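Let me begin by presenting the structure, written as structure tokens, before commenting on it.
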Amino acid sequence: RLVVVPFMGDAGRGLCDRAKVSWLDLSGNARVFAPGLRIQVEGRPNKFVQRGRPPNVFAPKSSRVARQLLLHPRRFQTQAELARETGLGDGYVSKIANRLKQQQYLETDDTRAVRPANPDLMLDAWAEAYDFQHHRILAGHVPARSGFELLELVGRSLTVANDRPLWAATGLAAAWLYTEFATFRLATFYLAAMPARSLLDQIGFVEETRGANLWFVLPDDDGVFQASRLEGEIRCVSPLQAYLDLKGHPERANDAAAELRRQRLTWS
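Using our numbering, the first residue of the sequence shown is number 113, and each one after it goes up by one.
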């Protein structure tokens, strides 16, 4: 089998590699393997870039649609349902859904409802476009003997300080709560608003980047809180959101992401 496309991006390359499928693109790149044949050409630029700013279906606000679809990957959803669940306008959802269909991320049923055509491909494309550093991050250090002790300390403090669940753990801490796979030092929390000085003083927070073991993150869109849930006594973002966020984390983030995907993102 041979896949031929105008330009093969990183997500597509990864899928082909995992499926052991050869590919080439019309921009001059190729990775073809067969008995007695090996062709590998990389680094050629995309010759088919559209003029003007390309639409980004995975931009912070737009990605609410992708998130809702991947949270329910086997269910066809109407645009009205997508608008209701994401809090976006009908026209905006229609525009994003049409772009996703044009990029072949969606399939449609007889009622024109949509679902991901290939959830893995869609997630890979989103992860490739995702940039955790676009969020506002307050980095610092809190005395704690372990990442889990820090997670519990901050979780308790946030629960007491907030009347509503406007926070959720993500990254390495959330991945551990979902999989218990890799220990961690850095705990990361999304907050709907930056923490009050009184809370920072209460937990002994000292702002510093080098040596930080705690990140408070103000998200660039509140969609990150969608489908957050309690794991034990700690509120976590969805496994989907935690997987995306691990891309911007240190330590064993890559291993944690792979295990989280294996256990919790199987699309069954």
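Yeah, the Cβ is synthetic: ideal placement off N, Cα and C, and Gly gets one too.
Note that the coordinates shown come from a computational prediction; the quantities given were computed from them, not determined experimentally.
For this session: Rounded to whole angstroms, what's the CA-CA distance from Val-282 to Lys-173? Just pull it up for me.
Result: It should be pointed out that residue 282 corresponds to Thr in this sequence rather than to Val. Computed Cα separation, rounded: 19 Å.
For this session: Could you tell me which residues DSSP puts in a beta bridge with Pro-228?
Result: Leu-218
Exercise. On the premise that Arg-176 lies in contact with Leu-212, defined as a C-beta separation below 8 Å, what is that separation, rounded to the nearest angstrom?
Worked result: In fact, because the Cβ distance is near 12 Å, the residues do not count as touching under 8 Å.
Exercise. Val-388 to Leu-250, Cα distance in whole Å?
Worked result: Past the boundaries of the shown model lies residue 388; the chain is included only from 113 to 380, so the question cannot be answered.
Exercise. Going by Cα to Cα distance, which pick from Val-336, Lys-207, Arg-186 is closest to Ala-192?
Worked result: Lys-207
Exercise. Residues bridged to Ile-151 by DSSP?
Worked result: Val-144
For this session: Ignore the nearest five residues each way along the sequence and tell me which others in Phe-160's own chain have a CB closer than 6 Å to its CB.
Result: Sequence-distant partners of Phe-160 (beyond 5 residues in either direction) whose C-beta falls short of 6 Å from its own C-beta, in its chain, are Pro-118, Phe-119.
Exercise. Skipping 5 residues on each side, what residues in its chain have a beta carbon closer than 6 Å to that of Trp-327?
Worked result: Ile-249, Ala-251, Thr-300
Problem set entry | Bridge partner(s) assigned by DSSP for His-381 | Nothing about residue 381 can be reported from this structure: the residues present for the chain run from 113 to 380 only.
Exercise. What does DSSP give as the partner residues of Gln-189 in its beta bridges?
Worked result: Val-226
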